[in-house]
Amino acid sequence: PDNGDNGGNPLSYDSLEQPWHQWAKIANAFILQLEDRMDREDLRHNIIIRLAEVAEKYRQMGNTLTKGGYYKVAQYARLQFYDQKKRWRRVSSISLNSTIKDEDGNETELVNTLIARDKAIDLDGWLDFKTLYFNSPEKVKQAILKRVSRGGNGKLSGYDWKMIRQFKEQYKALVA
2 PDNGDNGGNP LSYDSLEQPW HQWAKIANAF ILQLEDRMDR EDLRHNIIIR
52 LAEVAEKYRQ MGNTLTKGGY YKVAQYARLQ FYDQKKRWRR VSSISLNSTI
102 KDEDGNETEL VNTLIARDKA IDLDGWLDFK TLYFNSPEKV KQAILKRVSR
152 GGNGKLSGYD WKMIRQFKEQ YKALVA
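In terms of this note's numbering, the sequence shown is residues 2 to 177.
1. Count the other CB atoms within 10 Å of the CB of tyrosine 1; is the residue buried (16 or more) or exposed (fewer)?
2. Rounded C-beta distance between leucine 133 and tyrosine 172? I'm assuming under 8 Å.
3. Can glutamate 110 and lysine 102 be called in contact, C-beta distance under 8 Å?
4. Glutamate 110 lies in the beta strand (DSSP E); which residues open and close that run?
5. For a test of the three-state rule: what should DSSP assign to threonine 100, helix, strand or coil?
6. Mapping DSSP to helix, strand and coil, what is glutamate 57?
7. Locate the alpha helix (DSSP H) running through methionine 164, then write down its first and last residues.
8. If we ignore side chains and look at the alpha-carbon of each, how far apart do valine 141 and isoleucine 165 end up?
9. Where does phenylalanine 31 land, buried or exposed, given buried means 16+ other C-beta within 10 angstroms?
10. Would you call asparagine 47 buried or exposed, if buried means 16 or more other Cβ atoms sit within 10 Å of its Cβ?
11. Relative to the alpha-carbon of lysine 163, which residue among Ser150, Ala177, Ile145 has its alpha-carbon at the smallest distance?
12. Could you check the C-alpha separation between asparagine 136 and serine 158 for me, to the nearest Å?
13. Report the residue from Leu35, Arg41, Gln34, Ile49 whose alpha carbon sits nearest the alpha carbon of glutamate 18.
14. Could you check whether the Cβ of leucine 44 sits closer than 7 Å to any heavy atom belonging to the ligand GDP?
15. Grab the span of the alpha helix (DSSP H) containing lysine 147 for me, first residue to last.
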């Protein structure tokens, strides 16, 4: 952001006409919290564009957007930017063929560090259990939840134990 003296730079935000100049000043107040310069520019432009869009909607309705309204719109645009930025970080992929260093410092492909098949979770069995559990009567589910949530230390009724035992037998018959 310039300090008012644009030094003849035609691309300076200070050389913008009103209301764009005012919107750029408002956007500058919101970008200082970001460390990354590219993110600052992106956020600045997002705020300016959003201010222009909202001001145009207000103009079409015969109203004018106040300076306080400008700041509210800018705050909302900043929150949208942060939310979008979080989504960008969430979407990532890693090639299983990429090389990494193992615990001994040797370079190896990521695919070689995956859990051995004999130690892996039996996904078919897990899905069968889940299917059987969700198709069981509500009382059976409650008994299983009591058992799991109390870690075996709580007291279950004889009826609860009977339902759990029947569930285990059904599961063994399903898997076998």
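Every residue, glycine too, gets a C-beta built ideally from N, C-alpha and C.
So, to answer that:
1. One cannot answer for residue 1 here, as it falls past the ends of the chain, which runs 2 to 177.
2. As a first step, residue 133 must be located in the sequence shown, where it is residue number 132. As a first step, residue 172 must be located in the sequence shown, where it is residue number 171. Confirmed, Cβ separation roughly 6 Å.
3. Taking the sequence shown and counting its residues from 1, the one referred to as residue 110 is at position 109. Taking the sequence shown and counting its residues from 1, the one referred to as residue 102 is at position 101. In this structure, lysine 102 does not lie closer than 8 Å to glutamate 110 by Cβ.
4. Counting from 1 along the sequence shown, the entry for residue 110 is found at position 109. 108-110 is the extent of the beta strand (DSSP E) around glutamate 110.
5. Sequence index remark: in the sequence shown, residue 100 carries index 99 (1-based). Of the three classes helix, strand and coil, the one that applies to threonine 100 here is strand, per DSSP.
6. Locating residue 57 in the sequence shown gives position 56, counting from the first residue. Helix at glutamate 57.
7. Locating residue 164 in the sequence shown gives position 163, where the first residue counts as 1. First-last of the alpha helix (DSSP H) with methionine 164: 159-176.
8. Start at 1 with the first residue of the sequence shown, and residue 141 comes out as number 140. Start at 1 with the first residue of the sequence shown, and residue 165 comes out as number 164. Approximately 7 Å, taken between the alpha carbons.
9. Numbered from 1 along the sequence shown, position 30 holds the residue referred to as residue 31. That one is buried.
10. In the sequence shown, the residue the question calls residue 47 occupies position 46. So asparagine 47 counts as buried.
11. For this step, residue 163 is matched to residue 162 along the sequence shown. Nearest option by C-alpha distance: Ile145.
12. To locate residue 136, count along the sequence shown from 1; it is residue 135. To locate residue 158, count along the sequence shown from 1; it is residue 157. Spanning the two alpha carbons is a distance of roughly 22 Å.
13. Sequence index remark: in the sequence shown, residue 18 carries index 17 (1-based). When only C-alpha atoms are compared, the closest one is Ile49.
14. The model depicted lacks the ligand GDP and carries no ligand whatsoever.
15. The sequence position of residue 147 within the sequence shown is 146, counting from 1. Note, lysine 147: alpha helix (DSSP H), 139-150.
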